[in-house]
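What follows is one structure encoded as structure tokens, with my remarks underneath.
Dropping the structure here:
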């Protein structure tokens, strides 16, 4: 049986590049030969044992590659085509998907609905930090990459861009909105970009790290605020003549970040959260107008599926967004342990890195 | 100068029926002779000093009466017409109103936007527990009462019905939704009615008081759950084959009621809150899927304005809802102190009472 | 090879009950033993040759039955369960389905997208006027029927109810809306019911046939108008104090019916059409305000999929709608030719008939 | 009584600069000293007698100027502030405004609702091609102009930008959408800009005039198509792999332009029209899928009100859009007859002109 190299979770604190059989595929799957992938913040949580996965699982959920083989039920594709799929791989046919919540796809769960069940690859199905990778429900998930885009141009689309943009989209950003984006990690930067792309009239990016605020400007922020140096709520109120922002995007998941988002928005404003929380979330009473301020808090998880990917690839293809500068480092898959080390410790100004088998 | 009787806030713990001049009106106002009004839970908070208003303010925000006089700028109405206005009286021309958030109308506020600023009458403008009452921004607020409806038929429309229905409306209840309504006070009962009216397939009402659960059934609940007798989340999960409710309506404003709402909803579900909170609101981590469950929390405040009232009067006029049975007691305005006493202590099975000058 | 009886299209003007092999199923299919089905107006068009299908095709798209056999990829169901599927059977995984337009599912089409491609069964796949029937994409389409509902209670759900309700749903009927429903055939009657179910404050049904207007009242119309006896636009304007209706539902597809819908709506109103047109559709200039009236025209096609069916079964199960009285006749499948004859000529007051193998 | 110069409609075929009294204002009005205004295509229709207005009316509906005097009821402004108002001046308090359809504001109409009633100035109230101008319902309509913007930067905002953008906004353009914009006059150019601003992935502009297609590129079109040189529907289908566009924006109002819009959209697509039609509008049968294609046609009219203007001024202020290059000519008000002549005959490459008292 042919073998391949794959990045597996060994135990908390340890991943390793191991040899595994090249996987078989079922009738609705596709096998993809990976050309480029990356490491996500979530992978670091897995490495540290903070997010539990089964030992031996192949990690990785941002696959770029070439179709190697197609299941018998997968129509309209050909071997050799250059493709990607999203981090979230919906089945399309469960109740959740049919209701429009593809991110909550639970068809593979034995116990019915499951929160964020749509994130399967590198979570409870083998991931793509490997030479080969199985795309589940391939008919719903395989997206062709336009020829004018490099792997680096599209590397962030499967997760970071889809998630970051969804913050702005779920908020329903409108032409002329004042949008505050809280936290400027990779997802926050893409949220900033998404708000700008949707026509926000004023984009205010917030982060305690100056280097990130510089990147935020490059991604479309008009104004940047450092919460260690100013009172963010006060500044936003000044910038909006005391009215508050129309929209705030929460891109981290801490008490103070969600608090800021609630407090900077005007009555009738929207808080859109893509942060991941680790404990009960306190909504500030005054900022929420004691429940009487017509505010709303919406949440989303990385939208997936080939149609979502097609749209994001479109905007990359027509140069609406420029992402390759966020790929700051490149590693061979053989050096995946070193790559995790660099990314996990955020050394050397890394934003995202390309990992190449 | 002609005098009238009016219920005024004297000091915390004391209201009184006093004589005040019949008020003058400005060019955009209308003077209404009150025929029926009521006492709201909020009035009890004011009486107790829990919600601050100026001493000497006339209380009351649910006015039914006859047009006595019209300001020079108010067109299309005639003296003698039978009208009501909502508890929230938007101006229509401030930024908040023009954005569609009439409940957040802040045009009268000296400091710009103000949370729930749209509630003016009996809050910072004189209210309607009196013989005469001034409708501010009358052109935006005067609604004609159809002849086939009694004062009692429409008495709950200015506040309780508009607020309770808005819980269901802001949630976007769809045909076939499973809707859980938490707390069955007057607003919760109207939320139950609103969910049913919008086509919910299964309405589950929750309250610890059995008598309220009986009323909930009369208002359209299919199933009632008493949280002192069962685990509400577990029951809802059973009733929905482990999926959870599509929508939960929060009609009280306590930690446990918002918590229940978050926990009973499915991934992708909506929590719609019209409760009034008194401290920071904790959103349960698991029920909220750590922020990844695509849930959303929306809030609303009593929608006002004549167009809103016209719609609600329509559904009362065509017998879609039957409200007079919720008016359990009638008092003369002369006995307003006794009426506050009965209502404040919730004696004698009172739901709402009619107060008649 | 086992045989079954099936209603096949022989040639324009002729259908026949023939013997066909009981079909094999693929990995994503399910075989259902039909217990009850019906004949649709569209089947009559097929019979007359007005809508082209292949000769030899089994007709019928409203299947009620028992699971006989499941494809290897279909999970969570058991043989012997009582099920139905919608007339439209989406795949869930094509671009159209992933975009939320399951009714436009085109996965089976060799030429990409196809209008109303989601209607497959009895159109280009064999239908259900037979002893056995293959449900395509069964995971997305099989809906369990609650025990408290008879076959007759649910017989209209796969097509007529789903389509009729979608007229009201696509219009976004709101609490208190004035809704005019033009044409009261089976779909129009269900549109009337849907408008009422969503909280319309006044439902006005329009049809030239008095017997249908009587049924419209039973389905929830407050007022009925016969266009042969009055000027419908004028009457609606009178009923709405010159404002016009908020919503008009077009349920036929003729110049005069769409024209009426455009003309009766207020500026900003919505025209929702589920009628099928046979030529270029003229939108009246004045009623459309020369394009400046903020009106919108939305269209929909029978929504399908198991989640849609689950919701409609819910509202039938909790008695929100009562449909069995619309099933006026019952025929054995052996008498299918006679059944077509009765239904095609609308004899004997037939609304819908049950056809039982 | 002080006099001013004003452009009046004398009779079909003739306008003139006349002397009129500087108008008085009522309690809810504001008097503005005009610094810059422009001529609209509609004014040319008025001049030609194709759109009827009263003789002696002052024309013009795009006012830029300085507050000269405020009515007693207008709060929060000061004399001397630099302001504009939209072509549509909603009252905020009629049924239409309270329903959210400010463009259909009918409060000033003696006969209730009136199509596009919101367009008052230069239509049935005196307009702004004059030295002074009365803003009706000033509280709802006066918008402050940011200091960093010249009169030319904002001259198109009151009508052309607000209308053009509304085409994209009413369509609900989403990130990655393929949008076809049919007709590239001033409004079409702004629709192109609006589609781009909202995140469209591919913007295709259509017009028979090459010079306009050049301008369309400058406004954000990725691809331009000339219907005299290619089959637009065929080209769009090629560009979208046979799927069709997500959205088409109709910016003219002719049979062939609305036809193209219907025909280029995919099933489930949206046609958004801001064109003005002059006769019954034929919707092509096949392109509309016989009513079964889930397409929708939405219409809008220049959104007005100060909040709308504030948002558009925001996006101009932060350089999201660049409009001054569309102002190709400048005239003194004294030369208004010559200005009409140039603009009416579209001589000398005029797009829009500035008219300065």
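Protein chains in written order, with the numbering used here: chain A, 1369 to 1725; chain B, 1369 to 1725; chain C, 1369 to 1725; chain D, 1369 to 1725. Beta carbons are placed, not taken as given, at the ideal position from N, Cα and C, and that holds for glycine.
Query: Measuring only between beta-carbons, confirm whether residue 1391/C sits less than 9 angstroms from chain D.; Result: no
Query: To the nearest angstrom, how far is the alpha carbon of residue 1563/D from that of residue 1572/B?; Result: 44 angstroms
Query: Of all the options 1396/D, 1462/D, 1724/D, 1605/D, which has the alpha carbon lying nearest to the alpha carbon of residue 1676/B?; Result: 1462/D
Query: Is residue 1546/B closer than 9 angstroms to residue 1559/B when the C-beta atoms are compared?; Result: no
Query: Taking only runs that begin and end inside the region 1482-1516 of chain D, name each unbroken alpha helix (DSSP H) of 4 or more residues, in chain order.; Result: 1506-1509
Query: What do you reckon, are the CB atoms on residue 1680/B and residue 1512/B nearer than 9 angstroms?; Result: no
Query: Using a Cβ-based criterion (distance less than 8 angstroms to any ligand heavy atom), does residue 1407/D qualify as near the ligand SAH?; Result: This structure lacks the ligand SAH, and indeed carries no ligand of any kind.
Query: Quick one: does residue 1565/C have its CB under 9 angstroms from some CB of chain B?; Result: yes
Query: With a threshold of 9 angstroms between beta-carbons, can residue 1664/B be considered close to chain C, or not?; Result: no
Query: Quick one: what's residue 1379/C bridged to in DSSP?; Result: 1382/C
Query: Quick one: which unbroken alpha helix (DSSP H) runs of 4-plus residues sit fully inside the region 1513-1600 of chain B? Chain order, please.; Result: 1519-1522, 1530-1539, 1554-1565, 1578-1586
Query: Is the region 1505-1523 of chain A touching the region 1450-1466 of chain A, taking contact as three or more C-beta pairs under 8 angstroms?; Result: yes
Query: What residue range does the alpha helix (DSSP H) around residue 1704/B cover?; Result: 1704-1712
Query: Tell me the rounded alpha-carbon separation between residue 1460/B and residue 1674/D.; Result: 12 angstroms
Query: Since residue 1374/B sits in a beta bridge, which residues does DSSP pair it with?; Result: 1386/B, 1498/B
Query: At a CB-CB cut-off below 8 angstroms, which residues of chain A make contact with residue 1505/C?; Result: 1461
Query: Quick one: grab the DSSP three-state call for residue 1402/C.; Result: strand
Query: Return the bridge partner residues of residue 1695/D from the DSSP annotation.; Result: 1720/D
Query: Taking beta-carbon pairs under 7 angstroms, can you tell me which members of the region 1581-1608 of chain A lie near chain D?; Result: 1590
Query: So that I know if they touch, is there some Cβ in chain D lying closer than 9 angstroms to that of residue 1654/A?; Result: no
Query: Could you compute how far the alpha carbon of residue 1719/A sits from the alpha carbon of residue 1540/A?; Result: 27 angstroms
Query: With distances taken Cα to Cα, identify the nearest neighbour of residue 1684/B among 1517/B, 1697/B, 1603/B, 1502/B.; Result: 1517/B
Query: Using only CA atoms, which one of 1372/A, 1371/A, 1485/A, 1385/A lies nearest to residue 1707/A?; Result: 1385/A
Query: I'd like to confirm the pairing. Which residues does DSSP put opposite residue 1638/D in its beta bridges?; Result: 1615/D, 1664/D
Query: 9 angstroms is my cut-off, CB to CB: does residue 1467/A come that close to chain C?; Result: yes
Query: Would the region 1575-1588 of chain B and the region 1642-1655 of chain B be scored as touching if the rule is three or more Cβ pairs under 8 angstroms?; Result: no
Query: Residues of chain D with a CB under 9 angstroms from the CB of residue 1442/A: which are they?; Result: Those do not exist, as residue 1442/A stays about 18 angstroms from chain D at its closest Cβ, beyond 9 angstroms.
Query: Going by CA-CA distance only, name the one from 1421/B, 1446/B, 1503/B, 1405/B that's closest to residue 1394/B.; Result: 1503/B
Query: For residue 1432/C versus residue 1529/C, is the C-beta spacing smaller than 9 angstroms?; Result: no
Query: If I'm right that residue 1693/A touches residue 1710/A with Cβ under 8 angstroms, what's the distance once you round it to whole angstroms?; Result: Actually they do not touch by this definition, with Cβ atoms about 18 angstroms apart.
Query: For residue 1648/C, which three-state DSSP category applies?; Result: coil
Query: Residue 1626/B by DSSP, collapsed to three states: which one?; Result: helix
Query: Whose CA, out of 1641/A, 1614/A, 1557/A, 1678/A, lies closest to the CA of residue 1467/B?; Result: 1614/A
Query: So the candidates are 1567/C, 1423/C, 1670/C, 1485/C; which of them puts its Cα closest to the Cα of residue 1555/C?; Result: 1670/C
Query: Rounded to whole angstroms, how far is the Cβ of residue 1731/B from the Cβ of residue 1486/B, which I believe are closer than 8 angstroms?; Result: A query on residue 1731/B cannot be resolved here, the shown segment of chain B reaching from 1369 to 1725 and no further.
Query: Quick check on the burial criterion: 16 or more other C-beta atoms within 10 angstroms. Buried or exposed for residue 1744/B?; Result: For chain B, the structure presents residues 1369 to 1725; residue 1744/B sits outside this window and is missing.
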